[in-house]
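In our numbering, the protein residues as written are 429 to 752.
The beta-carbon is built from N, C-alpha and C at its ideal position, and this holds for glycine as well.
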């Protein structure tokens, strides 16, 4: 449990991080804190209650919801949530296997029960990701609202846009930079790899035919036993070497120091002097990392949003209101 001093320190750092994020995300007035204070005062409470209930029933869902937010927010418009349809024959969700769609439908239904047709799926996902951090990480922050939902979803938008597990540090910096995120944001958000699940197929390139020399030898042996060569790669693994795979924490940065992380895109953060220093700082101060993570989540939540009269507010997250 945090001491009173660390709690005050965390609050101050969160305020500083979020103040910086506000300049990035809401200076143009496109997103606003307490956006639904008049139109749906209980919106965020409904999201929080539904999210807490879902994660209480299945602790793995915290990481799943945060990951879904990340994948949507390289363009935060709920396009990742659209199902296949005549007007969206190749939606984004076909490009990569993700969990959490049923959870989002449940959370959206809880909000619709309070305020029908008012709160966008994009905002529901952003609030749910924030609340997943609260449940799984033990800290929280404010998330602005005002996003609208996309009418289209195209899986081709995923390819070449999202960072991949085999990227090197400069590729990651460029990928995040193209979306207005800094190297500090990159390293802070990578801490989400402290919890959640992945598949052997994303890890076996570091294990076969020879072990990646940056991978801890003992950990590599464990991974080889879990992911035999030519096993098909579909087996689910817990992210990295952690005490509890359902807890979001700065343990990830300590794992980087010992070579006990799953992806090339993780370990490469120690290969550059600038990002390596950020890794050390985040490993040394969980409070500082929380503040940076919160600020980066808010910034990410402002990427390429639809606002005003753009898009629509979907009644259900898997389909446009026209149903086409």
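Asked	Found
DSSP state of residue 573, grouped into three classes?	strand
Around the C-beta of residue 536, are 16 or more other C-beta atoms found within 10 angstroms, so that it is buried, or is it exposed?	buried
Between the region 566-573 and the region 477-491, can you find at least three pairs of beta-carbon atoms closer than 8 Å?	no
In chain order, what residues of the same chain have a beta carbon less than 7 Å from the beta carbon of residue 666, not counting five sequence neighbours either side?	625, 673
Would the beta-carbon of residue 490 fall within 7 Å of that of residue 563?	yes
Excluding sequence positions up to five away, which residues of its chain have a Cβ less than 7 Å from the Cβ of residue 578?	505, 506, 507, 734, 739
In whole angstroms, what is the alpha-carbon distance linking residue 707 and residue 718?	13 Å
If you draw a straight line from the alpha carbon of residue 431 to that of residue 711, how long is it in whole angstroms?	Because the pLDDT at residue 431 is just 37, under 50, the model does not fix this residue reliably, and the point stays unresolved.
Would you tell me roughly how many angstroms separate the C-alpha atoms of residue 751 and residue 649, rounded to the nearest one?	50 Å
Following the continuous beta strand (DSSP E) through residue 625, name the residue where it begins and the one where it ends.	625-627
Hey, quick one: how far does the alpha helix (DSSP H) through residue 553 stretch, first residue to last?	549-565
Under 7 Å, do residue 691 and residue 616 count as touching if we go by C-beta distance?	no
Cβ of residue 571 within 7 Å of Cβ of residue 550?	no
Exposed or buried, which one is residue 470 when buried takes at least 16 other CB atoms within 10 Å?	exposed
Cβ of residue 642 within 7 Å of Cβ of residue 695?	yes
Decide if residue 455 is buried, meaning its Cβ has at least 16 other Cβ atoms within 10 Å, or exposed.	Reliability fails at residue 455, whose pLDDT of 38 lies under 50, so the model's placement of it is uncertain and no value is given.
Give me the DSSP bridge partner(s) of residue 460.	573
Report yes if the C-beta distance between residue 583 and residue 523 is below 7 Å; otherwise report no.	yes
Does residue 651 come out as helix, strand or coil in the three-state DSSP assignment?	helix
The alpha helix (DSSP H) spanning residue 482 covers which residue range?	471-485
Roughly how many angstroms lie between the CA atoms of residue 699 and residue 525, to the nearest whole one?	29 Å
May I ask you to check if the CB of residue 683 is nearer than 6 Å to at least one heavy atom of the ligand SAH?	In the structure shown, the ligand SAH is absent, as is every other ligand, since no ligand is present at all.
If you reduce the DSSP assignment to three classes, tell me which class residue 715 lands in.	helix
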